[in-house]
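Residue numbers (our numbering): 3 to 479.
A virtual CB, placed ideally from N, CA and C, is assigned to each residue, including glycine.
No experiment lies behind these values; they were computed from the predicted model shown.
Written out below as structure tokens is the structure these notes cover.
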């Protein structure tokens, strides 16, 4: 039995040398050190997608940057790879078997500097926590559709906002400073000026180059927006989406919109009008003039009568009301990819695959309109690979094992059916664990030139590919 503070670590069958090694790790860190037999191990390894259980050899619940350093150095001495679980929807795969898993949810530093308009957070902070602090001083971060998602993981994958993206770009575009522990156990403070190569690689390379423990980023002077959602009967998809498709080219960059074809469960947490319903959920977020925002929705309401309407002027802290993403983890299957356009032909195929009578088993099939500032390179360059992608689609489902099998089959059907409109690039944060697994697929995702630069930098900062439980960038030879 090994003791570390208030946390007990058990090893029922470890050799004496293993016990001695774990004992040294317990002494070196302040947070819990957990082995598979420990009662708290399952909770510490838990991820949002419950169908992706993690089985690392040991878990370190980091309470500080020093804990992360000690864990990485321990892994290095014992020839172990390192996996990282951040907050929210963090994807770790395949299972982190034989790895040392670092969890960062205890890294809860958060500070807001209204004068400089910057926020500094630890790797365990969520957007909901940031929004509570920034809303008080009239500032807004480039938060995502799900406020319960962690800031750092979201930002390292680009960070797509349902409200500020088309106006300001990706969250990664506005990072000022990063603290990262690299594979050699060194703590590096990285900016675009001090270390432009590593800064570029971290923002877009998501988890391939080290454990980011703290981050500082810009926030913006805004306090309110117009937005929410319109839900229509699924049988009225066609006229509403024709109106939505026609609306997109007329929108300026202060407006962001998407839609989701939803087959909802009969759950008490849902409003009565949505329980067990087949609906089309059209989302809208508008900055600036409220009356102008209200007028944008008029063609949609003219196409059909909503069964639920939550469009309203809102404080910025209610950004999560645009998408209403689920908060609790569940078993999931998913896929996503970029789309070159959303033409009549694209809509026709989408109707065949997901519309009335299609037999689509997925809970949610969405399309987001991108463009605007999301297409522009930032002042501080980064490796985010998705610029120039006008639309993206994301399909996700949850349910019993039998239902999940049917959904996996549908994913293949959906991917093949939409292939004629598939774009070259896509958004890293939406890649499923089953996607872009091989080196060739990851290279294709980033593009040959960007991947070559990333692989060269991987050779510098992680030559032994210690951080490989991700969409892996392999070190160049």
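- The alpha carbon of residue 463 has as its nearest neighbour, out of 263, 185, 98, 75, the alpha carbon of 185.
- Per DSSP, reduced to three states, the secondary structure at residue 173 is helical.
- Residue 440 is not a Cβ neighbour of residue 367, given a cutoff of 8 Å.
- The closest CA to that of residue 284, considering only 220, 164, 25, 133, is found on 164.
- In chain order, 71, 74, 75 place their CB closer than 6 Å to the CB of residue 187, counting only its own chain and leaving out the 5 sequence neighbours on each side.
- Residue 350: member of the alpha helix (DSSP H) spanning 346 to 356, first to last residue.
- Inside the stretch 261 to 332, DSSP marks whole beta strand (DSSP E) runs of 3 or more residues at positions 280 to 288, 314 to 317, from first to last along the chain.
- When DSSP states are grouped into helix, strand and coil, residue 257 belongs to the strand group.
- DSSP places residue 142 within a strand segment (E or B) once states are collapsed to three.
- With at least 16 other beta carbons inside 10 angstroms of its own, residue 106 counts as buried.
- Secondary structure of residue 183 (DSSP, three-state): strand.
- DSSP places residue 99 outside both helix and strand once states are collapsed to three, so it counts as coil.
- The C-alpha of residue 154 lies about 26 Å from the C-alpha of residue 316.
- When the five nearest sequence neighbours on each side are left out, the beta carbons in the same chain lying within less than 8 Å of the beta carbon of residue 458 are those of 478, in order along the chain.
- Here residue 465 has 477 as same chain residues with Cβ atoms under 7 Å from its own Cβ, once five neighbours each way along the sequence are excluded.
- Residue 375 and residue 168 do touch by the CB rule: their CB atoms are close to 6 Å apart, below 8 Å.
- Apart from the 5 residues on each side of it in sequence, residue 245 sits with its Cβ closer than 8 Å to the Cβ of 301, 302, 304, 305 in its chain, given in chain order.
- Residue 384 sits close to residue 175, with the two beta carbons spaced by under 8 Å.
- Close CB contacts of residue 397 within its chain, under the 6 Å cut and outside five residues either way in sequence, are with 337, 364, 367, 416 (chain order).
- In this chain, residue 121 is not harboured by any alpha helix (DSSP H); it is covered by the beta strand (DSSP E) spanning 120 to 124.
- By the neighbour-count definition (other C-beta atoms within 10 Å, threshold 16), residue 271 is an exposed residue.
- Boundaries of the beta strand (DSSP E) harbouring residue 232: 226 to 235, taken from the DSSP string.
- With respect to the C-alpha of residue 235, the residue from 275, 228, 212, 211 having the closest C-alpha is 275.
- Bounds of the beta strand (DSSP E) holding residue 112 are 112 to 115.
- Across the structure, residue 400 and residue 53 are spaced so that their CA atoms are roughly 9 Å apart.
- Cβ-Cβ distances below 8 Å link residue 430 to 159, 160, 206, 208, 386, 387, 388, 447, 473 in the same chain, with the five nearest sequence neighbours on each side left out; the list follows chain order.
- Counting only runs that start and end inside the stretch 31 to 72, the alpha helix (DSSP H) elements of at least 4 residues fall at 43 to 47.
- Apart from sequence neighbours up to five positions away, the residues of its chain that approach residue 182 with a beta-carbon distance below 8 Å are 189, 190, 192, 200, 204, 211, 212, 213, 214, 215, ordered along the chain.
- By the C-beta density criterion, residue 134 is exposed, having fewer than 16 other C-beta atoms within 10 angstroms.
- Where residue 370 is concerned, the enclosing beta strand (DSSP E) starts and stops at 366 to 371.
- Secondary-structure assignment with DSSP links residue 104 through a beta bridge to 62, 86.
- Residues of the same chain with a CB within less than 7 Å of the CB of residue 410, apart from the 5 flanking positions on each side, are 335 in chain order.
- The Cβ atoms of residue 42 and residue 104 lie no closer than 8 Å to each other.
- The beta carbons of residue 100 and residue 59 sit about 5 Å from each other, so the pair counts as a contact at 8 Å.
- Secondary structure at residue 432: helix, using DSSP grouped into helix, strand and coil.
- Minimum Cα-Cα distance from residue 91 among the listed residues 157, 66, 443 corresponds to 157.
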